[in-house]
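Chemist: Have a look at the structure that comes next, please.
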Amino acid sequence: NSNALVTLPSQWIFFLDPATLLRVQTAGLRIDEVVEQSAWRELCAQELGRTVGLRLSGPIPGPTKSSGSSLSWRRVFYDLDVGPMQNELRSTTVDYEFLPSLYGESATVPEGIDFAPGSNGRTLRCRL
């Protein structure tokens, strides 16, 4: 019953994951522009691991709504590439377990490489 969704408090959208929020918007449920903007901004902050609020600065590439910036925050969310912030070097035997081997032996950490953890605890540097 779509009427049941209309009676929910507007803050409920903060409990949705990005895919569900997009489905709700695609289904045509009207969400207050300010709340919608805040929801996408919060999702961006979560992706970046930030607890402090974010703000847009400068133009967002691509089409934007003239009535507000929720589309811009949604665009920012889908354009985020947090991969480089989460990457680290394979430095343990466990990291190599899934790699295939030519001669049937277990893959292991290459010999003669010293790995050094960064200040965040992830292995980001190595020395031959």
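Per my numbering, the sequence shown starts with residue -10, numbered consecutively. Yeah, the Cβ is synthetic: ideal placement off N, Cα and C, and Gly gets one too.
(1) Between the alpha carbons of residue 55 and residue 28, how many angstroms are there, rounded?
(2) Can you list, in chain order, the residues of its chain with a C-beta nearer than 8 Å to that of residue 2? Leave out the 5 residues immediately preceding and following it.
(3) If we ignore side chains and look at the alpha-carbon of each, how far apart do residue 101 and residue 110 end up?
(4) Report yes if the C-beta distance between residue 112 and residue 80 is below 8 Å; otherwise report no.
(5) Who does residue 112 pair with in a DSSP beta bridge?
(6) Can you name the start and end residues of the alpha helix (DSSP H) that residue 97 belongs to?
(7) State the start and end residues of the unbroken alpha helix (DSSP H) segment that holds residue 83.
Modeler: In short:
(1) Legend: pLDDT at residue 55 = 47, less than 50; position of this residue unreliable, value from coordinates given subsequently. Each residue's alpha carbon lies about 19 Å from the other.
(2) 10, 13, 20, 24, 25 and 28
(3) 21 Å
(4) yes
(5) 106
(6) Taken as a continuous stretch (DSSP letters only), residue 97 belongs to no alpha helix (DSSP H), as it is neither H nor E.
(7) Residues 82 to 85.
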